[in-house]
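Asker: Numbering (our numbering), first residue to last: 244 to 560.
Below, the structure written as structure tokens:
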């Protein structure tokens with residue numbers, strides 16, 4: 244089939260690579276404009292653009308797609324059979340979705356209708372879900388409301404981070420996209436209505452990264468740390484200094500002594516260069532494994548304690 248592919252990050256690049264290797268004709272790629280990055284603010288192309296340039300595929304990078312008649316006319320002139328969208332980053336108007344005769348399809352990082360929205364993979368980890376997956380779907384005017392085509396379910400590891408799950412699902416999504424196109428070509432692709440029992444997965448914000456010691460359990464804090472790794476990292480303050488938490492665990496009750504309930508949540512109950520740092524929470528004890536101090540690199544808690552003092556009974560805030 245003749246395909247226009249729309250996507251931006253590495254998650255989408257996996258699908259583009261799979262399409263390129265499957266024999267379909269990729270007419271063009273649509274991706275977000277280059278962005279400045281790093282200390283030098285050098286303009287960086289998206290992973291999708293880099294792959295397209297490498298393979299000699301035409302690239303479009305419109306600032307906006309709504310009410311962009313010039314861009315819409317160019318896509319119409321390509322006469323694609325189908326549009327494939329994977330983590331593009333912009334909501335497409337119906338005028339674009341209606342261009343290809345075989346429709347516009349999307350690879351979505353959840354088991355719809357759960358986690359419609361911009362951050363389905365992140366919220367599955369943040370909420371401590373045991374399973375998630377990939378859904379391919381026909382696109383409609385609503386946010387991830389279209390008819391479902393194929394699904395593949397996976398289990399989420401107890402310690403798996405958003406970054407690790409993202410990588411796994413990008414590979415699964417690429418394979419499922421190729422299979423979806425096969426079925427659409429044969430006319431055997433199902434159309435499954437979603438129903439109204441759905442969950443939203445909005446974009447993450449920086450405010451949620453600060454750990455709420457007063458109201459969150461050790462398991463909930465662990466899920467927060469996993470969910471924000473490697474996006475921004477969860478953090479707390481100790482003696483006015485910001486410390487990011489990149490890897491933590493819920494401590495085995497046998498690892499520590501009985502903790503007095505009078506202690507404030509966030510209190511350090513053990514700080515030892517060999518055993519590490521243990522912190523009281525609303526329920527359970529949090530064990531630090533990998534942290535990052537201000538203007539420092541990520542490191543194990545043992546390495547951190549070699550150059551930084553953390554005292555027992557100090558309180559994280």
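Just so it is clear, CB atoms sit at the ideal spot from N, CA and C, and this is done for glycine as well. The structure presented is a predicted model; accordingly, all values stated were derived computationally and were not measured.
1) What is the C-beta distance between residue 465 and residue 529, in whole angstroms, given that I count them as a contact (C-beta under 8 Å)?
2) Can you give me the C-alpha to C-alpha distance between residue 349 and residue 329, rounded to a whole angstrom?
3) Within its chain, find whatever has a CB closer than 6 Å to the CB of residue 470; leave out the 5 residues flanking it on each side and keep chain order.
4) With which residues is residue 375 paired in a DSSP beta bridge?
5) Tell me whether the beta-carbon of residue 412 lies closer than 8 Å to the beta-carbon of residue 377.
6) Which ranges does the alpha helix (DSSP H) cover as unbroken runs of at least 4 residues, wholly within the region 421-497, from first to last along the chain?
7) Just how far apart, CA to CA, sit residue 546 and residue 515?
8) Using C-beta distances below 7 Å, list every residue in its chain close to residue 308, excluding the 5 sequence neighbours before and after it, in chain order.
9) Name the one or two DSSP bridge partners that residue 347 has.
10) Among 373, 351, 420, 250, which has the Cα closest to the Cα of residue 386?
11) Output the residue ranges of the alpha helix (DSSP H) runs that lie fully inside the region 517-543 and measure 4 residues or longer, sorted by chain position.
12) Measuring straight from C-alpha to C-alpha, what distance separates residue 361 and residue 248?
13) Ends of the beta strand (DSSP E) at residue 268?
14) Given this structure, state the Cα-to-Cα distance separating residue 202 from residue 527, to the nearest angstrom.
15) Compute the Euclidean distance between the alpha carbons of residue 422 and residue 373, then round it to the nearest angstrom.
16) Which value, in whole angstroms, describes the spacing of the CA atoms of residue 481 and residue 279?
17) Starting from residue 515, follow its DSSP beta bridges and name the residues at the other end.
18) Return the chain-ordered list of same chain residues with a C-beta closer than 6 Å to the C-beta of residue 359, the five sequence neighbours on each side being excluded.
19) Have a look at the DSSP bridge pairing and note the partners of residue 342.
20) Once you ignore the five residues that flank residue 253 on each side, which residues in its own chain have a CB closer than 6 Å to its CB?
21) Checking the sheet assignment: what are the DSSP bridge partners for residue 250?
Answerer: Based on what the coordinates show:
1) 7 Å
2) 6 Å
3) 365, 368, 369, 405
4) 397
5) yes
6) 461-470
7) 11 Å
8) 314, 333, 335, 336, 339
9) 326
10) 351
11) none
12) 18 Å
13) 268-273
14) Only positions 244 to 560 of the chain appear in this structure, which leaves residue 202 out of reach.
15) 25 Å
16) 33 Å
17) 519
18) 386, 387, 441, 443
19) For residue 342, which the question treats as bridged, DSSP gives no partner whatsoever.
20) 290
21) 329
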